[in-house]
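K.L.:
Number of protein chains: 2
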Amino acid sequence: MKKPILAAVILFTSVSLFAQRANYVQYVNPLIGTQKMGHTYPGATVPFGSVQLSPDTDEQPHNIGGKYNKEAYRYCAGYQYNDTSIVGFSHTHFSGTGHSDLGDFLIMPTVGPLQLEPGSKDDPRTGFRSAFSHANEKAEPAYYRVKLVDDNILAEMTATTRVGFHQYTFLNQRENSPPTRGGVAAASADGVVGAAHGTDTDAHIILDLMHGIYNYEDKNVWTFVRVENDHTVTGYRQTNGWARTRTVYFAMEFSKPFKSYGFKNFGKEDYKGFWRKFDQTRNFPEMAGKQIRAYFDFDAAPNEKVQIKFAISPVSTEGAISNLRSEIPDWDFERVKRESQAAWERELSKIAITTIDESDKTNFYTALYHAMLSPTVYMDTDGQYKGLDQNVHSTMRKPAREQGLNSQRPQQALTNVRASASGGTDFTNYTTFSLWDTYRALHPLLNIIQPARNRDMVRSMLAHYDQSVHHMLPVWSHYANENWCMIGYHSVSVIADAIVTGNLTGAEAMKALEASAQTARTKYYDGLEYYMRLGYVPEDKNTSSVSKTLEYAYDDWAIAQAAKKLGRTDIYNEFNKRSANWKNVYDASSGFMRPKMADGNFAAKFDPLKTEGQGFIEGNAWNYSLYVPHDPEAMIAMMGGKQKFAARLDELFTMHLPDEFFAETEDITREGIIGGYIHGNEPAHHVAYLYNWTDQPWKTQERVRMILDHQYHPTPDGLGGNDDCGQMSAWYLFSALGFYPVAPGSGQYSLGSPLIRSADIKLENGRTLRIEAANQSDKNVYVQSVSLNGRKLDRRYITNAEIMRGGKLQFIMGNTPPYTSQKREQ
Amino acid sequence: MKKPILAAVILFTSVSLFAQRANYVQYVNPLIGTQKMGHTYPGATVPFGSVQLSPDTDEQPHNIGGKYNKEAYRYCAGYQYNDTSIVGFSHTHFSGTGHSDLGDFLIMPTVGPLQLEPGSKDDPRTGFRSAFSHANEKAEPAYYRVKLVDDNILAEMTATTRVGFHQYTFLNQRENSPPTRGGVAAASADGVVGAAHGTDTDAHIILDLMHGIYNYEDKNVWTFVRVENDHTVTGYRQTNGWARTRTVYFAMEFSKPFKSYGFKNFGKEDYKGFWRKFDQTRNFPEMAGKQIRAYFDFDAAPNEKVQIKFAISPVSTEGAISNLRSEIPDWDFERVKRESQAAWERELSKIAITTIDESDKTNFYTALYHAMLSPTVYMDTDGQYKGLDQNVHSTMRKPAREQGLNSQRPQQALTNVRASASGGTDFTNYTTFSLWDTYRALHPLLNIIQPARNRDMVRSMLAHYDQSVHHMLPVWSHYANENWCMIGYHSVSVIADAIVTGNLTGAEAMKALEASAQTARTKYYDGLEYYMRLGYVPEDKNTSSVSKTLEYAYDDWAIAQAAKKLGRTDIYNEFNKRSANWKNVYDASSGFMRPKMADGNFAAKFDPLKTEGQGFIEGNAWNYSLYVPHDPEAMIAMMGGKQKFAARLDELFTMHLPDEFFAETEDITREGIIGGYIHGNEPAHHVAYLYNWTDQPWKTQERVRMILDHQYHPTPDGLGGNDDCGQMSAWYLFSALGFYPVAPGSGQYSLGSPLIRSADIKLENGRTLRIEAANQSDKNVYVQSVSLNGRKLDRRYITNAEIMRGGKLQFIMGNTPPYTSQKREQ
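Going line by line, the protein sequences match chains A and B. Position in the first sequence (from 1) plus 93 gives the number in the working numbering. Position in the second sequence (from 1) plus 93 gives the number in the working numbering.
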C-alpha cells in the first residue's frame, strides 16, 4: 500500500518543483548577441526595467578630439564577448542599438592599494579593471555573476525595475598572493602588502562618474555626489550626447558602513571659489564637477560580502532614495534575485512553446527576453518623471500648476497645453523608443502579448507629444529627450496598430490620431515640406530621400487606417492620398525606387547595389525598393507583375553582394546577409513575406525558415546584426510562430512557416491562442494547409481579432509545397 | 465765500496727493553706490525681490585663461556709473557684494541689421551695445529708464517679485538717420538700409544666455531655450561659479508676436548628433548648448512699444510660467510700476524721519532701500523651491516622498531628515545670505522693522541646514548653493538675535539652537577642529587664523545667549566656554591680537598695519584686534584699561594708513577710511561704539556723526565701500537713528548720536517707537541726555524689549559733551 502513496508524493514533488522552476528562464541566455554586432548586454535587468546593471568591458570614446572613433561602435552595449577584462558594472544600457549613450554610474570593487584609473584593456592590472573569463561567468535573466580574477572578487548582481543590487564577495585574498596588481606588487617590494596584514583586506568600491558609453570630452555636462552618511551616497550625472540634455539621479546604499572615502576630480577646474577652504579629496561629503571618481574604503574579512543597492531616478536624488526604499527594503540578495527571475518567468510563460530542437527554445526565449527589455520604464515609483520639456510631470492626477500654459491673448495657442486625454490619468511612463526599428514587429508583438503595456507606451508617446515644442510624437524617445535618430515618424504606425486592433479607443484614440496627423504635418521635419508639396522628398534638397518618401508613405497609410477606424474622413482622405506617394519615386526604366530631384528628374547616377549617396539609408535599392508594405499588390503590378516580382525576390535572396557594397551596409555582420537580402538591418524585414502576394507563397515559407535557421543561433555571436531594442528578436518570435505583421495598422499578419511544434499564447484577456504545426520538422517547412478553430483558412493572413479571440491555429506541414497550391499558383 | 471753499478743495487735493504720493520713494536714489566700490545696481526691483532687472555696462570675465581678471571686480553689480554704454539688461544682481555671480538672461533691443556680438565698450556701435547718457537716465525704486542712444530706443523697466517687465519704445527711427550702427552704415553703402524702407523699423530683441557677471569660459554648464509659440519663450541657464551648481529657469512673454527668430551657438560642439537634421539657427523652436544667443525680430512702427514680461524660477520653466501669469496677468506697465512702487512706499514708510538737511533723507531712504534688497525671495508663487540638496522642496505641507531618508539600520542617521520644525509649515524661502556682512547690523535691523521676514529668513536658514550634508547652517547661502564665502558661522548670530529678542520661539527656536550648536561643531570646517582642541585657530594650519578665532568666539557667545534664553544649560556651558577663546590670540607684548602657531608661539613676523599674511582677512590688526563685541569690558581690561583703550581708538581714527597697506584692504575706496579706521569693510563696524565702554562715550557720538557725514553721500560715489547686501546701509540706518547692535544676541543696542531730527519706527506689532533729537544740528552731535518714555536713561544702551514696546526715545543734543558726564567719566 505504501508504494502508490510514495509515487504520488514523488509525482507531487516533481510537479511542484516543475511549477516552481517552470522554467522558461532557464532557456534565456543573455550572452546571445554580445559578440560581434548584436550589441546586447549580458547584465541583470527585469522586464522593461529602468536599470540594466551590466559589465562594461571597455570605454571607447565616441569622439576623440572632435573626431568620430569607430571603435566606440562595438561598445554600444558596453560589453564585447571577446574582451578579457571588465572595467566595471554600470547601471544603464541600451539593448541592441547601433548608436549609443548611457553607461551611467560605473561600480568596481578592488582590493589592495587604491587605483583610480581604469587601466588598459590589455593589461588590466594597470588600473582598477580586472581580467575575467567566460568560464567564471554566468548570465541569466535578472542575474549576472563573474569572478574578477585580478582581485579574487566574486561579483554578482540582480535588479528590480529601478534598483541594481550588487553583491561582491571578497574571496580569501591569501589565495591571491603574491598580489597581482601593479600597485600591490610595488608595495610588496617594500615588504608591505595591503592585503597581508591581519586577515582583513583593504577593499574599495569605486564609483566612476566619468565612465559612460559613447563618451567624449565634455560629454559630462555636470556630475554631483553627496555622501549622505557612512553608507548612503546620492548624486546625479548630466550628459550631452545622443540625448542632448540627459540627467540621471542616483541613490546608493552600502550594506556595511565604509571606513573612509574620497574623490578625485580629473576635470579642469576654471574656478574653484571658496571650496578651496576644504580638502575635498578625503572624507568630505560633497563633490561636483565634470570628471569625478569616488571611492569607498572597507576592511573586508575573507569571503565577506559587501552589498550595494543602487537606485536611479529621472527626477531627483529624493526620487532615487524613494525608489530604493520602496523596491528593495531589505538586504536579501537571494530574495530579490528570485522575485526578479519570477517576474521574467511570468512574462516568458506568456508564450509556451514546444519545439523539435531544444536549442530553438534558447533562441525563442532569448528572443522573447530581448523583446521585453525596452521600451524602459521612465518614472519614479510615485509616478513622477521628467518630461521632454524638462519639467517634472506625474502620471498621477496633476497638481494645479500643471494645468499648463493658457494663453491669455488670441495669438497662437501655447504648445504644451496639458488638457489632454493622457493628462490626469494613471499610466506607466516609458522611454527608449527606437521606433524606426521597433514599429515593424516589436510593437505589433507587444500589442498582442502585452496590450496593456503597449497602450501605456502609446500614452507615453502622447505625453511626449504634449511636451514637444514641435507638436511631434517621438522619433526616438530617449530619457526626456528626442534624439531624432533615423527617419520617418513611426510612432504613428504603433498608434495605428493599437487603434485598428481596438487596443486604444475613445478619446485617447482620437487624440492619438490627431497627434499622428499633426506630427506628419511638421513642415521643417526632414524634407516633409517638400514631400507634402511635391509628393516626394527631392534628393537634392534632403538626402536619403527615397527611404524617407517610402517610409512617410507607409506612415501616412497607417494614419489613414486609424482615421478610417475612428470615422475621421478628413484625416483619412488627407493621408490616404499621401500614402500613394511611394509611386513618385519608382523609376520604371530601372525597375527600382530611385532618388528624384526637385525638378522632377531622377538622379542621373544610380547604383542599386550601393547605399551611400543613392537616396537610401541603411539599405540599398535592391532591398529598400520593396518597401511598400501597405500596398504590395500595386507595387508588384508596377514592378511587372507577380511572376517577375517573385523572380526579383529570388534574385535578391541568391545574388552576391560584393564586399565594397556590404561595407556600406551598417549594423550587420557578413552573416547578417543572405544573398543580397539584408536581414541584419530593418528595411527588408518584411521582404520574405512578399512572396505571399505572388503565386509562390511557399517561397515565403522556405525563406522564413531559412532566415530563422541562418540568422539566429544560441551563441554569443548568434545575432547577425544589431538586435535594435528587440526588433530583430521580434522578427524571430513572429516568424517562429508562423505569421508576421507586414503592414502594422492593417490588423493582418502574413502567414509564413512556423518553427515551433506548438505554442500557447496566453493573452491578457484570459484567452489562449494555441498554434500547432503538425508534421513539424527541419525539412517540413512547407505549409500544406492552415486551419483556424477547425476551419480551413483560404487566405494567407490571419487577423488581430482572430488572434485575440484565442482558439487554435493549426498548420499542416510538409516537405514540399502542396501540389494544388503549386499547380494553381504557378 | 468762494475763496475758503476753493482753499479747502486745494488743501484737500494736496493732502490727498500727498497721501497718494506719501512719498518716501522720491528720496531713494538707486544710483547711489553705482560709482567706484559701492557695487550697487540701479535697476528695477521690489523689496527682497527675486528679480533685479538692471542695466549692465560691461561683461568683464572673472577669469581669462584660468587667471583672475581684476577688472571683473568693478562689475560685481553689472553697472559702473562712469561707463558710457550699456550692453543690455539682465535679471539677477547682487547688491553691494565684493565677489559676484548672476547677471542672468541679458535682454537688449536693437534696430537695423542684426548684430549678435555685444561690441566693445568704447565703440558700442561695433555690436548690440548702445551708448547712453546719465542725462537720459532715471532710476527709482522698481523703475529704471534710459535712452539707448545708438538705436534711439527708450528702455523702461519695472518688476514684481519674480517678474521683470520691460518696455521698449522704438522712437521715430528717421530721427536716427543716417543709421548709426556699423552694420547699417555698411548696408547703406549698397543703397540698402534696413530701417529706411516703409515706416516700420527692423527691430530685434536679443536674449543673451552667454552673458553673466563674473563669467568665465565654461561657467555656463548648460543653457536651454524653447520657443513655445510666437510670443513665449522658456529655458534655463545652469552655471558653475560662485554658486557651484546654480540653475535659473525663465519664461518670457512678448506683448507682440515676433515675425521670426533665431539662435547662434558660439560654443564648441563636440557632438551634434541627429540635430544636424535641422537648421537650428532660424525659426527652429529649441536650442541647447553652452554659449547661446537668441534673437527675435519685429517690425516696429515709429514710437511703437514692445513689452516683455520675464519671469524666473528656481524650480522649472513651468514654475516660471506660473510665476509670470500669477504676478503680471496683463500688459499694464504703468499699473505694475505703480503697484511695485507702492510696495516700496509701504516698506520705506516703516521709518518716517524728519531731518535738518533734506539730503539726509536721500541718504536715509536710499540706505533703507538698500537694506531691503536682500536676502531675496527664492521660491515660486506656489511655495516650491530648489534646496541645497538640489531637490525641489516646498514651503507648503510636504508630499509623502519628502518625509525623507529614514535609515533602516542602526548606523549613523541620515542627514536630511525632514521631520523638522521647519518642515510642513508655510514660510517664505529666501536666499542671498551674505552673512559675514549682514549678521552685524542688517539682520538686527530686520529683526526690529521686519520681524516676520527675519523669522522666515531664519526658517530659510533652517531649511538650508536640513538640506545640508554638512549639518551646517548657511555661511553664504546662494541660490540653492553654499558658496562658503568669508569666515565664521554667523547664521548663529542671526538666530541668537531672533531668539534672545523673542522673535523666534518654541520648537523652532530649540531646533535653531541645536542647528547652531551642530554647525559650530563641524570639525572639518575652516580650522574648527583646531579651534575646538587648542582654543584658537593656528596660523600654520589655517590662514586668517586670528579673524577666525575672534569671530568663532563671538559666534559661540551668541549660541550661548540663545541657549541661556531657552534653558539649555548644556549648550550654554559648551559655548560660553568657547566664547572666551579670543583671549588666546591676544599678544600682550604687542597689544594686538596676533596669529599663533600650533606650538603655542605667536607668529614671529607681524605687522599690525598689514593685512595679507598677518592672520587676518579684509582688515588689519589695528582694526580686527578690537573684534570682541561680546565682551568689550574684558578686552579693554586686557588691553590696558579704559583710558589706554580710548587713546588707542583715538589713534586708530587719526593715524595715517600708508598706501601700501591700504592697497591690501579690500572692497573699499580711499574715502572708505578715516585715519586707520576702515569703515568701507565690516570688521570694524562696531568700533566707533566701543568708546561707550570707556569713560569717553561722547567720542562714540562724534565719531559716529563723523562717519555718517564722511562715508555716506547722496551721489553715485556716495558709498565708500561695498554696500555688502545692505550691511553698510544698515550701519547708516541704526547710527542715524541713534543706536547700534554691537553684539547681536545681547538684545542691547549701544547708544550713539542720532542724525535725524525725529523718527517714527512703525513696528509690526502695531506700536511706534518715536525717536526725537532735541536741539539737533550738524554741530550738536553730543548727547546731553537720553530719556525713554520720559524717564532718563542712566545707561549707554537700550534694549530690544524697550524698542518693541514703542514709546518715545528722546535725545537732548548739544555742541559739547555734557559737563557732568565729562567730569564723572574722565
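Quick reminder that beta carbons are idealized off the backbone N, C-alpha and C, glycines included.
May I have a chain-ordered list of the beta strand (DSSP E) segments no shorter than 3 residues that lie completely inside the region 158 to 197 of chain B?
P.N.:
Entirely contained in the region 158 to 197 of chain B, the beta strand (DSSP E) runs reaching 3 residues are, in chain order, 181 to 183.
K.L.:
Run down chain B in chain order and give the residues with a C-beta less than 7 angstroms from the C-beta of A:K370.
P.N.:
The answer, in chain order, is W577, D619.
K.L.:
Within 7 angstroms (strictly less), CB to CB, does B:V780 reach chain E?
P.N.:
This model lacks chain E altogether, as its protein chains are A and B.
K.L.:
Does A:S183 have its Cβ less than 7 angstroms from a Cβ in chain B?
P.N.:
By this cut-off, A:S183 is not an interface position.
K.L.:
Check each residue of the region 373 to 387 of chain A: if its Cβ is closer than 9 angstroms to any Cβ of chain B, include it; give the result in chain order.
P.N.:
Residues N376, F377, P378, E379, A381, G382, K383.
K.L.:
Can you give me the Cβ contacts of A:P567 inside the same chain, cut-off strictly under 7 angstroms, excluding the 5 residues immediately before and after it?
P.N.:
F526, L528, M554, H557, E575, S584.
K.L.:
Helix, strand or coil for A:V678 per DSSP?
P.N.:
Of the three classes helix, strand and coil, the one that applies to A:V678 here is helix, per DSSP.
K.L.:
Within 10 angstroms of its Cβ, does B:E321 collect 16 or more other Cβ (buried), or is it exposed?
P.N.:
Buried.
K.L.:
According to DSSP, A:A296 sits in a beta bridge with which residue or residues?
P.N.:
Partner(s): A:V204, A:F391.
K.L.:
With distances taken between CB atoms, is the gap from B:Q145 to B:H186 smaller than 7 angstroms?
P.N.:
Yes.
K.L.:
Under 6 angstroms Cβ to Cβ from A:R863, same chain only, skipping five residues before and after it: list those, please.
P.N.:
Correct list, in chain order: D853, K901.
K.L.:
Are the CB atoms of A:W786 and A:P910 within a distance shorter than 7 angstroms?
P.N.:
For A:P910 and A:W786, no; Cβs fall outside 7 angstroms.
K.L.:
Taking Cβ positions, are A:W424 and A:S348 nearer each other than 7 angstroms?
P.N.:
Yes, the Cβ-Cβ distance between A:W424 and A:S348 is below 7 angstroms.
K.L.:
From A:K737 to A:A823, what distance separates their C-alpha atoms?
P.N.:
Looking at the two C-alpha atoms, the distance is approximately 30 angstroms.
K.L.:
Using DSSP with H/G/I as helix, E/B as strand and the rest coil, what is B:W368?
P.N.:
Correct three-state label for B:W368: helix.
K.L.:
Could you round the C-beta distance between A:S846 and A:V879 to whole angstroms and report it? I think they count as a contact, below 8 angstroms.
P.N.:
That belief does not hold up - the Cβ atoms of A:S846 and A:V879 are roughly 10 angstroms apart, past 8 angstroms.
K.L.:
Which same chain residues, not among the five before or five after A:A387, have their C-beta less than 6 angstroms away from its C-beta?
P.N.:
The answer, listed in chain order, is L300, V318, F356.
K.L.:
Which residue or residues does DSSP assign as beta-bridge partners of A:R238?
P.N.:
Looking at the DSSP assignment, A:R238 forms a beta bridge with A:K231, A:E249.
K.L.:
Are there 16 or more other CB atoms within 10 angstroms of the CB of A:H227, so buried, or fewer, so exposed?
P.N.:
Flag for A:H227 reads exposed.
K.L.:
Quick one: grab the DSSP three-state call for A:I766.
P.N.:
It is a strand residue.
K.L.:
Write down every uninterrupted run of the beta strand (DSSP E) in the region 374 to 456 of chain B whose length is 3 residues or greater and which is fully enclosed by it, in chain order.
P.N.:
379 to 382, 385 to 393, 397 to 406, 444 to 447, all fully within the region 374 to 456 of chain B.
K.L.:
DSSP beta-bridge partners for A:Y134?
P.N.:
BP columns for A:Y134 are empty, so no partner.
K.L.:
The alpha helix (DSSP H) with B:S640 in it runs from where to where?
P.N.:
From DSSP, the alpha helix (DSSP H) with B:S640 extends over 638 to 658.
K.L.:
May I have a chain-ordered list of the alpha helix (DSSP H) segments no shorter than 4 residues that lie completely inside the region 870 to 897 of chain B?
P.N.:
List check, alpha helix (DSSP H) in window: 893 to 897.
K.L.:
Just the Cα atoms here: how many angstroms apart are A:T488 and A:T521?
P.N.:
Straight-line Cα distance between these residues: approximately 7 angstroms.
K.L.:
Write down the C-beta distance between A:A248 and A:P202 rounded to the nearest angstrom, noting that I regard them as a contact closer than 8 angstroms.
P.N.:
Sure, about 7 angstroms apart at Cβ, within 8 angstroms.
K.L.:
What residues of chain B sit near A:T410, judged by a beta carbon separation below 9 angstroms?
P.N.:
Correct list: D482, Q483, N484.
K.L.:
Rounded to whole angstroms, what's the CA-CA distance from B:Y364 to A:N313? Just pull it up for me.
P.N.:
In a straight line, the C-alpha of B:Y364 is about 12 angstroms away from that of A:N313.
K.L.:
With a floor of 3 residues, list each beta strand (DSSP E) that falls wholly inside the region 582 to 628 of chain B, ordered by position along the chain.
P.N.:
Qualifying beta strand (DSSP E) stretches: none in this window.
K.L.:
Label B:A591 either buried or exposed according to how many other C-beta atoms from any shown protein chain fall within 10 Å of its C-beta, with 16 as the threshold for buried.
P.N.:
Buried, since its Cβ has 16 or more Cβ neighbours within 10 Å.
K.L.:
Measure from the alpha carbon of A:F755 to the alpha carbon of each residue in A:A781, A:A714, A:E726, A:M728, then state which is nearest.
P.N.:
It is A:A714.
K.L.:
Whose C-alpha, out of A:L195, A:N162, A:F699, A:V242, is nearest the C-alpha of A:G79?
P.N.:
As displayed, chain A neither begins before 94 nor continues past 919, which places residue 79 of chain A out of reach and without an answer.
K.L.:
Please classify A:S683 as buried or exposed, where buried requires at least 16 neighbouring CB atoms within 10 angstroms.
P.N.:
Answer is exposed; the Cβ neighbour count stays below 16.
K.L.:
Where does A:H486 sit, in a helix, a strand or coil, going by DSSP?
P.N.:
In this structure, A:H486 counts as strand in the three-state DSSP scheme.
K.L.:
Does B:Y364 get closer than 7 angstroms to chain A when you measure Cβ to Cβ?
P.N.:
By this cut-off, B:Y364 is an interface position.
K.L.:
Measuring only the C-alpha atoms, how far is B:T410 from B:T327?
P.N.:
C-alpha separation (whole angstroms): 6 angstroms.
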